[in-house]
Structures are given as structure tokens and as C-alpha cells.
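See below for the structure under consideration.
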Ligand code: N01
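Numbering (this note's numbering), first residue to last: 1 to 534.
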């Protein structure tokens, strides 16, 4: 494995240019190259892995079980790779990404350390012109944005932030060499997935940890541990069935969804089911009953179950109360943790509620909130991402994508955008993406785009563009179906609520993976219905 900066030899023009060398960009490259296309990938980081390259914060780990959070396009790959733990830690996922890059010889077509600044469609030549790195211009017939859903850090503009004399970090841009908090006073802002994973570890290291919480979060214990080789062998022997089964589920994840209603079940049945899922751990908890995400009363039964667990674990009743969420469980993304609630029993951890009164300022010495200054040697912002649209809008895509999306993202299937010919987005807004197991969703998009480009080339078309009407009707469908779920009811990053000024639109498609795949397949079978080909 090597993360070299050496530039690939070929200079273009290319058949396709890809932005990002995470799991989407790597597979897209592999697929298109396999079709004989000339391809160049641009990656800002010095290595592959995308999200897993940048998110190196302490405790970073996947909340989807390792055996399912992996590529399935290569039988050899899925058979040979050995996952050491039930939930893979970030270094292990990065090792996997590097293994994939080496195994399929991907690096020779990836230009590392190179940010894409702008992308402009050349109408006369039917191709994209990208301005990259230090002003280099590169052209490609197709431009594929594999920029990730959670890759553009959200950094709130706290007053006085530049005056702070200590160290500052964002969980999504963690230094490669790691950080040692031993003996330090640390302030962490945020209590989302990144925070709940890092808090127990930072608390263990630091002299004192101050946690600034705006909204308490529901989290389910991971019960992580080493993966039994026998279990791993059994999964590998049955991979085809498991993967096929997963594709038939709402989230592209093989776990049992109990379709019974929580309201119809008896108290005893309910407790049994919740306890069973709590003991199993992780995201399947939300599949305990079929109506948890559709009925407030049902949802509150699950929420109260978790609140009781918090009270059982956290010794100080006042702290337990502060940690207890009152919103819909599963509305914000459910977290999966190891020892999160227990951390608040440590004498060196202080929880500060900033829900009613926002953080006042960052001072030269720490964080000022609720009328007092909390002195810190380091501040960790675990404040999340400008999700789904942030990374795309950072690139100056012309005609102006920023203008087009000023009232929220509009796409056709989360794959194409009217007014932007030959541009594809992998797991873009309007596709199930973040509501599913990302790897199968990425693979489905990559394969759809590759087949589409193959179709165009075979028929001699040089241009494809989503029709405005098809896009409008897809956007309306995405919006309508979002309204049927409780998931659209709280201030989550799914609706852009975490970024001040961002339009409030439920961005992912909530109709489920199978329905979405069916629609994409039908569009392709009907000669790319809803797109104009020329
Ligand atoms: O970000 P988040 P994240 N003042 O947006 C708070 C995936 N992921 O990086 O809820 C004070 O969830 C904010 O408060 P509020 C996963 O999909 C997966 O943790 O907006 N606080 C919130 O508490 C996840 O959902 C894995 O009121 C402020 C926190 O910062 C997604 O990434 C691991 C604030 C941000 O939480 C994002 O997770 C990690 C302010 N001004 C991430 N602004 C796994 O696979 C924001 N906050 C396990």
C-alpha cells in the first residue's frame, strides 16, 4: 500500500472524470476502466477511503456490521478479506480500502492531493472541463461526482473562535498522526454519532472532558467484539443469499424487521422484543416493530424504553435527565456506541446543556456557556457535516448548481440533474443513500451509471441529460413520501437543519432500497426514460 502523490501519466481528454476516491469513486473507476474507458479520479486526500480517510477521530467505527459493510462486486474480494471485529474500526476499514486499491490496481488512475475547484460543461464539445489542483484543466466526456454524503465538515461560526489559544479539531478532519489528550482539559461540542464514539475514549485519556450538548441523542449499545471465525466462514459460505436478502430490505441491510405493530403487541411482548434487540445491539433496534417510524405513540414506547436504560446506567439523576432525548427515536440517525452513557459516571466528565442557551463564545482560554467559562487545552468540534449537498456545492459546477439548488437539491433519481448534461452523482440527494447500508447503495449507483454510459457509447450518443419534468416529478415524489415518515419531523441533518441558512428539505429518498432499485431499472429498461439522449 502506498499513498503516493505522483501524478498519473495520461493527460486526457478522458472518457470520464471522477471526483473522489472513496468507496464510490474507487468502484466507479474499476467499473469504467473494465469497459475500456480512459478515466481519471481526483482526490483531495493523499490516500483512498473518502469518509474513512478523513474521519480518524478516536473510536471511529462503522455502525453497520463488517460482514455487510463491504463490497460485493468481487466474489474473490469478499471471500479473501477477513474482518477482525463485528463492527470494523476506522483503521481496519481504511486498510480494506487500500487493499481494494492495490488489488484492482486503482492508484495509477487516481491523482491524489488534488482538489477539484470548478466544473464547466463545454456545450460545443459535449464534455466537462475541470479546473483542478494548481489550475490544471482536464476534460472528460462524463463527470461523476463521487464526493460522499458526509464529507463537507459543518463548522459553526462561534463568536471568538479565532481567539482560542489551544488546539482545535473537527472529528471529520482528524490529523493523520492522531491526537494524544493525556493530561489535557478537553471541550467537545456536539453529541451525534462522531461524538458518542469519541467521548468515551477522550474521557479515558483526558484530565477533564466537558461535553456541550445541544440535543441529547438515542444510542444503542454495539456489543462489539472479535468476529468468530466460524461465524465469518458461515457468512462467506452463504454470502450470495445474505446479499440478495439484504437487497430486499428497506435499508439494504440483512436484519429481521418485525412488521408487527408496537401498539397491538402486549406489554410483555413489547418488552421482550425491545430487550432482545437491546441485547443484540446496534441499528436493528429500530426494526423491533413495523410502526416505530410511522406512528408517534408506537415510537414513544421505544423512546421510553431507551430513556429507562439511561436512567439505569447513569448514576446522577440530573445528568440522566439531561441525557434523555424527548424527540422521535430514529428521526435523527440512531447512534451505536460502546460505553457512552457509562462515561457520564466518571468524575472527570461534565455535561453542559446548551439547548436553551447556545454556546456564547469561544474565548482565548476555552468555551463560554451559560454564563461561565470552561477552560480547555483543546476543543473538539463534533458538529457534523453539511450533508448530501455540501461537497457538491463546494465545487463551482456551472451553470450554477448553487443557484439551481438554492431552495433545496433537485435531482432525477439522485443520479442526474436537469441542466447538467453528462454529470452523474453517486448516492446524490433524492436517492436512498444515507438511509441505507452505503456500500450496496454505492454499488447499485455505480453499476447503473456504468451501464448507462455503456448504452450511450454503444448507440453513438455523446450526451445525456435529465428532463426538467422528470426531475420535478421525482422531487415531488421524494417530498411526498418523506411526509409519511416520522423521520422528517425533527431538526436533523437529513433536512439540513444543522447548517444555518440551509434550505429545509428532506434530502434522501425514503421509499426504501427495493422500490428505488425497481424505479432505476425501469428507467434504464425504457431507454433511459426521463433523460434526453443525443
Ligand atoms: O454529526 P451530527 P456526526 N452548538 O450532525 C451539534 C454518520 N456517522 O458527525 O443535534 C452546539 O449527527 C449537533 O446538535 P443538534 C452518521 O450517519 C456514522 O456526529 O443539531 N452543538 C449534534 O449533536 C451520522 O448521523 C458513524 O442540536 C452543535 C452534533 O453537533 C453522521 O455521520 C460515525 C452546534 C452533530 O451531530 C453525522 O454524525 C460518525 C452548535 N452550533 C458519523 N452545531 C458510524 O458509522 C452542531 N451541533 C458509527
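Glycine is no exception: its CB is placed at the ideal position from the N, C-alpha and C atoms.
Between the Cα of residue i and the Cα atoms of the options, which residue gives the shortest distance?
i: residue 422; options: 359, 114, 465 and 88; result: 465
i: residue 278; options: 323, 529, 325 and 219; result: 219
i: residue 254; options: 517, 524, 513 and 276; result: 513
i: residue 75; options: 14, 243, 48 and 8; result: 243
i: residue 384; options: 170, 488, 436 and 269; result: 170
i: residue 215; options: 11, 526 and 491; result: 491
i: residue 179; options: 198, 189 and 161; result: 198
i: residue 535; options: 365, 347, 333 and 232; result: This structure does not reach residue 535, given that the chain is present from 1 up to 534, and the question cannot be answered.
i: residue 488; options: 473, 474 and 504; result: 504
i: residue 204; options: 518, 245, 185 and 158; result: 185
i: residue 425; options: 415, 434 and 432; result: 415
i: residue 499; options: 418, 150, 94 and 48; result: 150
i: residue 147; options: 282, 24, 141 and 85; result: 24
i: residue 323; options: 302, 353 and 336; result: 353
i: residue 467; options: 417, 509 and 516; result: 417
i: residue 85; options: 133, 356, 126 and 224; result: 224
i: residue 535; options: 410, 478, 404 and 395; result: The displayed coordinates of the chain run from 1 to 534. Any statement about residue 535 would go beyond what the structure contains.
i: residue 167; options: 381, 316, 334 and 523; result: 381
i: residue 312; options: 342, 135 and 291; result: 342
i: residue 304; options: 393, 181, 270 and 252; result: 270
i: residue 413; options: 475, 442 and 371; result: 475
i: residue 470; options: 261, 410, 444 and 508; result: 410
i: residue 291; options: 434, 142, 264 and 275; result: 264
Under 6 angstroms Cβ to Cβ from residue i, same chain only, skipping five residues before and after it: list those, please.
i: residue 67; result: 235
i: residue 511; result: 481
i: residue 13; result: 139
i: residue 231; result: none
With a 10 Å radius around its C-beta and 16 neighbouring C-beta atoms as the bar for buried, classify residue i as buried or exposed.
i: residue 114; result: buried
i: residue 111; result: buried
i: residue 118; result: exposed
i: residue 241; result: exposed
i: residue 259; result: exposed
i: residue 40; result: buried
i: residue 208; result: buried
i: residue 137; result: exposed
i: residue 2; result: Model confidence at residue 2 stands at a pLDDT of 43, short of 50, so the residue's coordinates are unreliable and nothing is read from them.
i: residue 472; result: exposed
i: residue 107; result: buried
i: residue 432; result: buried
i: residue 459; result: exposed
i: residue 309; result: buried
i: residue 190; result: buried
i: residue 90; result: buried
i: residue 127; result: buried
i: residue 372; result: exposed
Are the C-beta of residue i and some C-beta of chain D separated by less than 8 angstroms?
i: residue 490; result: In summary, chain D is missing from the structure at hand, where a single protein chain is found.
So, at 7 angstroms on beta carbons, what are the nonlocal neighbours of residue i in its own chain, with the 5 sequence-adjacent residues on each side left out?
i: residue 306; result: 218 and 329
i: residue 368; result: 360 and 361
i: residue 446; result: 24, 27, 28, 31 and 426
i: residue 535; result: Because the chain here runs from 1 to 534, residue 535 falls outside it and cannot be looked at.
i: residue 158; result: 359, 361 and 362
i: residue 515; result: none
i: residue 73; result: 27 and 443
Taking the beta strand (DSSP E) that residue i falls in, what are its first and last residues?
i: residue 221; result: 219-221
i: residue 118; result: 116-122
i: residue 535; result: Since the first residue shown for the chain is 1 and the last is 534, residue 535 is missing from the structure and cannot be characterised.
i: residue 128; result: 127-132
i: residue 335; result: 335-337
i: residue 18; result: 14-19
i: residue 300; result: Residue 300 -> not in any beta strand (DSSP E); alpha helix (DSSP H) instead, spanning 296-313.
i: residue 328; result: First-last for residue 328: undefined, no H or E at that position.
Determine the extent of the alpha helix (DSSP H) in which residue i is found, giving its start and end residues.
i: residue 210; result: From DSSP, residue 210 is part of no alpha helix (DSSP H) but of the beta strand (DSSP E) over 208-213.
i: residue 268; result: 267-280
i: residue 340; result: 340-343
i: residue 149; result: Unbroken run through residue 149: none, as it is neither H nor E.
i: residue 368; result: Run containing residue 368: none in the alpha helix (DSSP H); it sits in the beta strand (DSSP E), 366-369.
i: residue 521; result: 513-525
i: residue 102; result: 90-103
Going by beta carbon distance, what residues of the same chain come within less than 8 angstroms of residue i, once the five residues before and after it are set aside?
i: residue 319; result: 344 and 351
i: residue 201; result: 58 and 59
i: residue 528; result: 452, 455 and 464
i: residue 33; result: 39 and 109
i: residue 194; result: 55, 57, 60, 171, 172, 382 and 384
Quick one: is the Cβ of residue i within less than 7 angstroms of any heavy atom of the ligand NAD?
i: residue 276; result: Absent from the structure shown: the ligand NAD. Ligands present: the ligand N01.
Please give me, in chain order, every unbroken run of the alpha helix (DSSP H) with length at least 4 that falls completely inside the region 457-497. Here the runs fully enclosed are 468-482.
Tell me the start and end of each unbroken alpha helix (DSSP H) in the region 23-85 that is at least 4 residues and wholly inside, in chain order. If we require 4 residues or more, the alpha helix (DSSP H) runs fully inside the region 23-85 come out as 23-34, 51-54 and 75-80.
Length at least 3, wholly inside the region 371-412: the beta strand (DSSP E) runs in chain order: List check, beta strand (DSSP E) in window: 372-375, 378-381 and 396-398.
My parser needs the alpha helix (DSSP H) runs of 4 or more residues fully inside the region 129-204; what are they? Secondary structure in the region 129-204: no alpha helix (DSSP H) run of 4 residues or longer lies completely within the stretch.
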